[in-house]
Each structure stands twice: as C-alpha cells, then as structure tokens.
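Q: Input: one structure, supplied below.
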Amino acid sequence: MWNKSKSLMLSIFCTRLFLVLLAIVVVFAPQVIRWFFGESEAMLSIHGYLRATIYTEAVPASAILLCLHRLLRNIRRNMVFEEENIRLLRVISWGCIAAGIVALVSAFYYSSFWIVAVACAFFGLILRVIKNVFEQALEIKNENDFTI
Numbered sequence: 032m033w034n035k036s037k038s039l040m041l042s043i044f045c046t047r048l049f050l051v052l053l054a055i056v057v058v059f060a061p062q063v064i065r066w067f068f069g070e071s072e073a074m075l076s077i078h079g080y081l082r083a084t085i086y087t088e089a090v091p092a093s094a095i096l097l098c099l100h101r102l103l104r105n106i107r108r109n110m111v112f113e114e115e116n117i118r119l120l121r122v123i124s125w126g127c128i129a130a131g132i133v134a135l136v137s138a139f140y141y142s143s144f145w146i147v148a149v150a151c152a153f154f155g156l157i158l159r160v161i162k163n164v165f166e167q168a169l170e171i172k173n174e175n176d177f178t179i
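Going left to right, the sequence shown walks through residues 32 to 179 as this note's numbering numbers them.
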C-alpha cells in the first residue's frame with residue numbers, strides 16, 4: 032500500500048537521481064549535445080553556446096536540487112513549518128528564476144529555450160506563493176505555540 036513515507040522516499044530518491052543525472056550531463060556535455068543536435072553545419076555553429084548554457088544552468092539546477100533534498104529531509108524529520116524550509120523555498124524559487132533568465136538569454140540563439148524560460152519563471156512564481164503560504168503558516172504556528 033502506498034503511503035506518505037513511501038512517497039517521501041520516492042521524492043528523495045528522484046532528487047538524488049536528478050543530481051547524478053545533472054553531474055553526468057555536465058561531464059559529458061559535448062557528447063550529449065552532439066547526440067541530441069547532431070553534427071550538421073548549422074548545428075555545429077551553436078554547439079559552444081549550448082555547452083555554455085548547460086554549464087551555466089547547472090549552477091541553479093544543482094542549488095535547486097540540493098535545497099530540495101534538504102527540504103525533503105526536514106519534512107521526513109517532521110520539521111515542516113520551520114524558518115529553514117522557508118529559506119530553502121526562497122532559494123529554490125530564485126533558482127528557478129535564475130534558470131529562466133539563462134534560458135531567456137539562450138533563446139536568442141535557439142528558440143526552443145523560450146519555452147524553458149517561461150516554464151522556469153512560472154515555477155518560480157508558484158514557489159514564491161508556496162513560500163508565502165509557509166511564512167503565514169509559521170506565523171500561525173508560532174502564535175498558537177505562545178497561546179498554549
């Protein structure tokens with residue numbers, strides 16, 4: 032039977048898996064680009080830009096994944112509405128926005144990055160809202176702790 036604990040463990044596993052995949056993509060970026068985009072004359076001209084995008088996007092992506100891992104670890108310890116989780120959500124949301132900015136700049140040489148830029152900005156916005164909800168919940172929790 033599927034339960035909260037298994038769901039949390041799956042999320043932690045997926046976060047770790049994505050960290051490993053990110054490291055693999057960064058290490059093998061030139062090969063990944065050749066495999067995905069081919070070696071036609073038109074594509075060869077943007078291979079350097081694509082590598083720069085991958086390496087630049089790896090910074091916010093790794094920060095996001097590491098913060099997500101810490102957030103899930105805190106949730107596993109039943110530390111949900113805590114100041115650290117709000118900080119982690121803030122970092123994750125700004126990481127999404129930073130990734131969106133990199134994708135937006137990259138869209139000037141490869142138009143498909145527009146979709147990535149919009150998606151990153153949208154996720155950043157959603158995470159800002161969730162962070163604000165967590166802040167309000169923490170205030171309510173603190174008020175209730177003082178009331179008792």
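Glycine included, every Cβ here is placed at the ideal spot set by N, Cα and C.
(1) In chain order, what residues of the same chain have a beta carbon less than 6 Å from the beta carbon of residue 166, not counting five sequence neighbours either side?
(2) Near residue 137, which residues of its chain fall below 6 Å by C-beta distance, leaving aside the five closest residues on each side in sequence?
(3) Going along the chain, which unbroken runs of the alpha helix (DSSP H) with 4 or more residues stay wholly within the stretch 35-89?
(4) Alpha helix (DSSP H) containing residue 121: first to last residue?
(5) Less than 8 Å between the C-beta atoms of residue 114 and residue 169, yes or no?
(6) By the 10 Å Cβ neighbour count, where 16 or more other Cβ atoms means buried, how is residue 76 classified, buried or exposed?
(7) Take every Cβ of the stretch 85-97, pair it with every Cβ of the stretch 55-71, and state whether three or more of those distances are shorter than 8 Å.
(8) Indicate the three-state DSSP secondary structure (helix, strand or coil) for residue 111 in the structure shown.
(9) Do residue 101 and residue 120 come within 8 Å of each other at the CB atom, strictly closer than that value?
(10) Do you know offhand how far residue 56's Cα is from residue 106's?
(11) Taking buried to mean at least 16 other C-beta atoms within 10 Å of its own C-beta, is residue 124 buried or exposed?
(12) With residue 96 and residue 50 assumed to form a contact (beta carbons below 8 Å), what rounded beta-carbon distance in angstroms separates them?
(13) Mark residue 182 as exposed unless 16 or more other C-beta atoms lie within 10 angstroms of its C-beta, in which case mark it buried.
(14) Taking residue 173 as the reference, give the member of 112, 66, 38 and 68 with the closest Cα.
A: The relevant details are as follows:
(1) 117
(2) 84 and 144
(3) 35-58, 60-68 and 72-75
(4) 114-137
(5) yes
(6) exposed
(7) yes
(8) coil
(9) no
(10) 29 Å
(11) buried
(12) 5 Å
(13) The structure shown has nothing for residue 182, since the chain only spans 32 to 179.
(14) 112
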